[in-house]
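Below is one structure, written out as structure tokens, with a few remarks after it.
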Amino acid sequence: MALIRGVEHKLKNFQDLLEILSDLRKEGKKIVWTNGVFDILHKGHVRHLMSCKAQDNEVLVVGLNSDSSARELKGPDRPKMPEDERAEIISALGCVDYVTIFRELSPAKHIEAIKPEIYAKGEYNLETMNQEERKIVEGYEGKIIFTGDKVNSTTDIINKIRADNKNK
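As structure tokens, then:
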């Protein structure tokens with residue numbers, strides 16, 4: 043099956059991504075990393091990603107949870123969309139520069155390898171975010187930003203669909 047036209051250059055394995063980011067840094071670019079499952083894309087996801095890309099000279103890299111890690115994080119009936127489809131959809135957004143899929147529950151080793159200048163989280167704060175990830179970013183003096191809102195949630199959307207179907 044063909045990809046959405048124009049996104050193939052954004053989908054990268056991690057080793058290729060490291061080389062690309064090294065070259066971009068030599069050009070003076072700053073790296074922004076964010077990650078998530080991004081199952082059933084909604085306006086909260088899009089707003090988060092656009093906020094991540096809000097400043098000039100930044101390259102937005104999205105780490106996407108694999109299907110297996112999404113299941114462990116969200117439950118056995120998730121994700122609703124397979125990782126290749128989620129990656130393709132995220133890649134189609136103009137604010138996203140690169141997407142890489144990771145299999146672990148946490149992207150800690152990816153953050154440690156990339157050392158993004160900015161690590162962007164959605165609906166978290168310093169206390170509720172993954173503390174291992176926080177320690178890594180603070181260890182190399184990276185910046186952590188929070189862009190999300192609790193109003194939009196894929197889980198809430200799924201629960202509403204289930205409730206609507208029960209009422210039919």
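For what it's worth, the working numbering labels the leading residue of the sequence shown as 43, then goes sequentially.
Virtual Cβ for every residue (Gly too), placed ideally from N, Cα, C.
Bear in mind the structure is a predicted one, so any value in this text is a computation, not a measurement.
| Query | Result |
| --- | --- |
| Residue burial classification, residue 112 (beta-carbon count within 10 angstroms, cutoff 16) | buried |
| For residue 159 and residue 185, believed in contact at Cβ under 8 Å, the rounded distance | 6 Å |
| Beta-carbon proximity check, residue 52 vs residue 140, cutoff 7 Å | yes |
| Supposed contact pair residue 77 and residue 121 - C-beta distance, whole angstroms, cut 8 Å | That pair is no contact at about 14 Å. |
| Distance between residue 155 and residue 70 (C-alpha atoms, nearest Å) | 18 Å |
| Runs of alpha helix (DSSP H) wholly within the stretch 73 to 100 (minimum 4 residues, chain order) | 85 to 94 |
| Residue from 86, 99, 179 and 81 with nearest C-alpha to residue 106 | 81 |
| Three-state secondary structure (DSSP) of residue 134 | coil |
| Neighbourhood of residue 54 by C-beta distance below 8 Å, restricted to the same chain and skipping five residues each side | 62, 140, 141 and 142 |
| One or two residues paired with residue 209 in a DSSP bridge | DSSP output for residue 209 lists no bridge partner at all. |
| Residues of its chain near residue 179, where Cβ-Cβ distance is below 7 Å and the 5 sequence neighbours each way are ignored | 153, 161 and 186 |
| For residue 174, the nearest candidate out of 189, 151, 57 and 166 (CA to CA) | 151 |
| Option nearest residue 157 by Cα separation, candidates 49, 60 and 48 | 60 |
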